[in-house]
Each structure stands twice: as C-alpha cells, then as structure tokens.
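Visitor: One structure follows; several queries about it will come next.
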Amino acid sequence: MIAIMSAITVLGNMLSFPVLPIQAGTGMVIISGIAFGPLAGVLIGMLSRFIVNFFTGQGVWTIWQMCTWGLLGAISGAVFSKIDIEAPRSRDFKVLLGPVSAVAFMEVVAYVSYLLWPGGEETFLGWRLYIFGFIGLILGALIQRKRMPADDITLAVFTFMVVFIIYGGIMNLGTMFMSVMSAADMSWNALRALYVTGAPFDLWHAFRAAVFVFIFGNNMLVKLERVKIKYGFYRVHR
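Put into structure tokens, the structure is as follows:
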C-alpha cells in the first residue's frame with residue numbers, strides 16, 4: 047500500500063501542473079497520513095517526493111522537499127481520528143473551532159505587531175504569517191486536546207493551514223540555505239525577503255491542496271478504510 051499510495055501521489059503531482067488546477071500531490075500525502083498513520087505518512091511523503099523529482103529535477107532541494115512532505119504526512123496521521131465509514135459527511139465545527147480560532151487570533155497578533163513594529167518591512171506578508179501561524183497551530187492543538195474528525199470541511203481547513211505554515215515556512219528557510227554561497231551571505235534581511243516573496247506562492251499552493259482534499263479527500267479516505275478492513279491492516283502482528 048505504501049508503494050501504491052506513493053505512485054498515486056506522484057501521478058497526482060505530475061498532473062497538477064499541466065492539467066489540473068489543484069495540488070493533488072500534497073493533498074495525497076495528507077490523505078495517506080490520515081488513512082495509514084504517521085509512520086506510513088512519513089514514508090509515503092518522502093518516497094513520493096524523491097520519485098517526483100526524477101521528473102521535475104533532482105538537486106539539493108530534494109531533501110528539503112522530502113522532509114516537508116514527510117512531515118505533513120506524519121502530522122496528518124497524528125491529529126486525525128479513525129475514519130467513520132458510516133458517517134462520511136458528518137461535520138463537527140466545535141472541534142474545528144479551537145485550532146482555527148487560535149491561528150486566526152495569532153495572525154491578528156502578527157498584524158498588530160507589524161503595525162507597532164514594521165521592522166523596515168513594506169508589507170504584512172512575510173515571516174510573521176508563518177511564525178505566528180505556527181504558534182497558533184501549537185495553541186490550537188493544546189486547546190483542542192483530541193483528534194479531529196475527517197470530514198470534508200475539516201480536511202480542507204487543516205490542509206490549508208499546515209501546507210502554508212509548515213511546508214511554506216520550512217521551504218522558504220531551506221531556500222536561503224540552498225542559495226547562499228557562504229555563511230556570510232546568510233542574513234535576516236535575506237530570509238525576510240524570501241518569506242515576503244514566497245507568501246503568495248505558499249498561499250496558492252495551500253489553497254490548491256485544500257481544494258483537492260475538499261473534493262476528493264473524504265471519499266478516498268472511506269475507500270482506503272475499507273481496504274484496511276478487507277486486508278486486515280488492523281490486525282496486530284506479533
């Protein structure tokens with residue numbers, strides 16, 4: 047199943063750019079983590095990204111992309127509860143309210159901090175979105191203190207938040223390390239510029255992945271849950 051899910055993820059990612067206006071690759075990593083757990087999510091995410099780059103180009107960025115996709119798979123598998131195949135469209139907005147409220151509140155704090163201390167920045171779009179958003183995710187997890195239901199709305203909102211904050215935040219940092227020629231080239235101003243220029247791309251990436259899991263995520267999770275039952279993936283092997 048890890049090989050199969052990796053192949054589907056690679057195919058989805060390759061079709062996303064020339065054919066589909068969605069990000070199926072990132073979405074499939076998140077779906078895989080939810081369906082099969084954190085460990086499988088890490089393996090599927092890292093293996094899929096490694097294979098994708100044979101088509102899009104291998105380089106020093108490959109390890110960064112592998113780690114971020116693996117991290118998305120692990121986080122997804124850790125925060126979602128077992129799929130309820132009897133109620134695929136049930137929605138529990140109360141569970142979603144905590145994390146969303148925490149992230150939204152911290153983004154407001156980020157904007158206030160920008161107004162009080164611009165730090166020479168010409169726009170609010172930058173490192174504050176990622177840092178304060180990450181703090182909001184942590185606070186949301188502490189407030190919620192239980193796993194989220196895998197309904198379509200929850201999946202879409204979760205995907206948007208983690209792809210933008212986690213994937214975008216790490217890859218922008220990685221871009222600085224990959225682009226500098228020496229330690230002297232690394233600076234706060236360079237990193238700040240990367241976050242400003244990367245924010246629109248990260249928002250678009252997160253939106254496309256969220257649209258994919260909103261449309262296909264719930265149905266795919268129900269199908270995968272039936273596959274797990276059929277082939278005895280729930281059995282404990284001693």
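Numbering (our numbering), first residue to last: 47 to 284.
Ideal Cβ placement from N, Cα and C applies to all residues, glycine included.
Remember, predicted model here, so these are calculated numbers, not experimental data.
#1: Name the one or two DSSP bridge partners that residue 126 has.
#2: If residue 259 sits next to residue 77, beta carbons under 8 Å apart, how far is it from one beta carbon to the other, in whole angstroms?
#3: Less than 8 Å between the CB atoms is what I'm expecting for residue 116 and residue 98, so what's the real figure, rounded?
#4: Less than 9 Å between the C-beta atoms of residue 156 and residue 178, yes or no?
#5: Report yes if the CB atom of residue 120 is closer than 9 Å to the CB atom of residue 67, and no otherwise.
#6: Assuming residue 94 and residue 52 make a contact with CB atoms under 8 Å, what is their CB distance in whole Å?
#7: What residue range does the alpha helix (DSSP H) around residue 247 cover?
#8: Return helix, strand or coil for residue 119, following the three-state DSSP convention.
#9: Here's a check: name, in chain order, each residue in its chain whose Cβ is nearer than 6 Å to the Cβ of residue 182, leaving out the five neighbours to either side.
#10: Quick check on this structure: which residue in 251, 79, 273 and 107 has the alpha carbon closest to the alpha carbon of residue 224?
#11: Would residue 273 and residue 167 qualify as a contact pair, given that the criterion is a beta-carbon distance under 9 Å?
Guide: A quick look at the data gives this:
#1: Bridge partners of residue 126: 194.
#2: The pair is a contact, with the Cβ atoms about 6 Å apart (cut-off 8 Å).
#3: Not confirmed; about 13 Å, so no contact.
#4: Using a Cβ distance threshold of 9 Å, residue 156 and residue 178 count as a contacting pair.
#5: In this structure, residue 120 keeps its C-beta atom at 9 Å or more from the C-beta atom of residue 67.
#6: Your pair residue 94 and residue 52 checks out as a contact, with CB atoms roughly 5 Å apart and the cut at 8 Å.
#7: For residue 247, the enclosing alpha helix (DSSP H) covers residues 234 to 258.
#8: Correct three-state label for residue 119: helix.
#9: Excluding sequence neighbours, residue 182 sits near 148, 149 and 152.
#10: When C-alpha distances from residue 224 are compared across 251, 79, 273 and 107, the shortest belongs to 107.
#11: Their beta carbons are not under 9 Å apart, which means residue 273 does not touch residue 167 by this criterion.
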